[in-house]
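Here the protein sequences line up with chains E and G, keeping their order. At position 151 of the first sequence (counting the first as 1) the number is 167 in the numbering used here, and the numbers step up by one without a gap. At position 11 of the second sequence (counting the first as 1) the number is 671 in the numbering used here, and the numbers step up by one without a gap.
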Amino acid sequence: MTTRREFLVLACGAFATAAEAQLDPSQEALRRAAFREAVRKVTGGAPVSRGRVKLDLPPLIDNGNTVPLSVSVESPMTGADHVRAIHVFTEKNPQPNVLSGHLGPRAGRASLVTRVRIADTQTVTAIAQLSDGTFWSDSVHVVVTLSACLEDGLI
Amino acid sequence: MARVVVNLPATAKRGEIIEIKTLAAHPMETGFRHTQLGELVPRDIITRFVCIYNGVEIFSAELYPAIAANPLITFSTVAAESGMLEFRWTGDNGYAVTQSAPITVV
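Encoded structure:
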């Protein structure tokens with residue numbers, strides 16, 4: 017016989033677990049694999065170093081449907097040394113790609129601002145491709161309270 | 661009619677870095693959502709954005725479903741010469757919008 021007190025403790029525990037592990041573990045593994053594949057497609061297997069890129073996202077997101085995101089890269093943006101492309105990826109969205117921006121020396125400044133959807137508490141990564149063929153990245157961990165795509169539960 | 665908004669300075673000094681803000685009115689339906697009856701809502705997004713400055717492509721972007729509705733894209737360019745900036749958005753279901761804005765460089 018379950019007492020009322022036991023039931024409440026169990027129910028709260030269940031909710032707490034649901035709030036932490038929102039995504040099914042097997043799904044999560046699939047999406048991480050998709051994320052790695054998407055990164056590999058961009059870099060062609062070249063090493064990605066951390067630094068030079070600054071990815072700016074609010075650390076705590078109330079509503080994952082519209083999240084301001086900005087990326088800037090330290091670069092002189094000259095003909096010889098500039099940022100060719102900026103790619104943004106998520107590891108738990110249904111699709112890893114978020115945006116790929118292509119720029120050149122005429123940009124003057126390597127920066128990009130947009131608004132994105134974030135499906136779950138996760139890490140967002142920005143990768144910059146430089147004209148010398150190197151790749152640089154920055155990652156930000158974000159906590160999402162109201163997920164994008166929540167209408168379906170988590171897809 | 662598809663509506664877009666572009667914001668950039670009307671005049672700029674030669675060599676100055678100007679910021680260009682663009683916004684397109686578009687639902688950016690992800691293709692991952694279902695209706696209450698369980699049918700999948702087909703994807704309907706803008707997939708590509710291009711900015712052309714006096715005939716030269718200076719910026720382009722590929723957009724994916726993870727871009728929020730009414731996609732805002734802000735980027736920068738060096739004010740090189742007076743002329744026209746052309747902005748093009750293309751996407752699913754034949755979505756294609758072009759907008760242009762003049763700039764005077766002094």
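Backbone N, C-alpha and C fix where the C-beta goes; we use that ideal spot for every residue, glycine too. Computed from a predicted model, the values in this text were never measured in an experiment.
Is the Cβ of residue i closer than 7 Å to any Cβ of chain G?
i: Gln111(E); result: yes
i: Ile76(E); result: Checking the displayed sequence, the identity of residue 76(E) turns out to be Leu instead of Ile. Not closer than 7 Å to any Cβ of chain G, the Cβ of Leu76(E) fails to qualify, so no.
i: His98(E); result: no
i: Trp152(E); result: no
i: Leu228(E); result: The structure shown does not extend to residue 228(E), since chain E spans only 17 to 171, so no value can be given for it.
i: Gly122(E); result: Checking the displayed sequence, the identity of residue 122(E) turns out to be Arg instead of Gly. Yes - at least one Cβ of chain G is within 7 Å of the one on Arg122(E).
i: Leu128(E); result: yes
i: Val159(E); result: no
i: Thr59(E); result: no
i: Thr82(E); result: yes
i: Arg125(E); result: yes
Would you verify that the beta carbon of residue i is, or is not, closer than 7 Å to some beta carbon of chain E?
i: Thr737(G); result: yes
i: Pro702(G); result: no
i: Leu668(G); result: no
i: Ala732(G); result: Correcting the residue type first, residue 732(G) is Leu in the shown sequence and not Ala. At least one chain E Cβ lies under 7 Å of Leu732(G).
i: Ala672(G); result: no
i: Pro687(G); result: no
i: Ile712(G); result: no
i: Ile706(G); result: no
Please list the terminal residues of the continuous alpha helix (DSSP H) segment that includes residue i.
i: Val55(E); result: Pro41 to Thr59
Just reading off the beta strand (DSSP E) that residue i is part of, what are its end residues?
i: Pro84(E); result: Val83 to Val89
i: Ala670(G); result: Neither: Ala670(G) is in no beta strand (DSSP E) and is coded neither H nor E.
i: Ile134(E); result: No beta strand (DSSP E) holds Ile134(E); DSSP gives it neither H nor E.
i: Met744(G); result: Gly743 to Gly751
i: Val156(E); result: Phe151 to Leu162
i: Ala721(G); result: Val716 to Leu723
i: Thr758(G); result: Ala756 to Val765
i: His98(E); result: Here His98(E) belongs to no beta strand (DSSP E), and DSSP marks it neither H nor E.
In chain A, which residues lie less than 7 Å from residue i when you measure between Cβ atoms?
i: Ser116(E); result: Judged by its chain identifiers, the structure shown contains no chain A, and its protein chains are E and G.
Can you round the beta-carbon distance between residue i and residue j to whole angstroms, since I take them to be within the 8 Å contact cut?
i: Gln145(E); j: Pro725(G); result: Their Cβ separation, rounded to whole angstroms, is 22 Å, which puts Gln145(E) and Pro725(G) out of contact at 8 Å.
i: Val199(E); j: Ile143(E); result: What the structure shows of chain E is the stretch from 17 to 171, and residue 199(E) is not part of that stretch, so it cannot be assessed.
i: Phe719(G); j: Thr737(G); result: 7 Å
i: Pro687(G); j: Asp704(G); result: 7 Å
i: Arg131(E); j: Leu85(E); result: 7 Å
i: Ala728(G); j: Asn81(E); result: 6 Å
i: Glu701(G); j: Gly715(G); result: Per the sequence shown, residue 701(G) should be read as Val rather than Glu. Not really, about 39 Å apart at Cβ, beyond 8 Å.
Considering only their Cβ atoms, is the gap separating residue j from residue i smaller than 7 Å?
i: Asp136(E); j: Ser163(E); result: yes
i: Val765(G); j: Glu741(G); result: yes
i: Phe90(E); j: Arg125(E); result: According to the sequence as given, residue 90(E) is Glu; it is not Phe. No, Cβ-Cβ distance for Glu90(E) and Arg125(E) is not below 7 Å.
i: His103(E); j: Ser116(E); result: yes
i: His118(E); j: Ala96(E); result: no
Item to check | Interface residues of the segment 128 to 149 of chain E facing chain G [CB-CB below 9 Å] | outcome: Leu128, Val129, Thr130, Arg131, Val132, Arg133, Ile134 and Ala135
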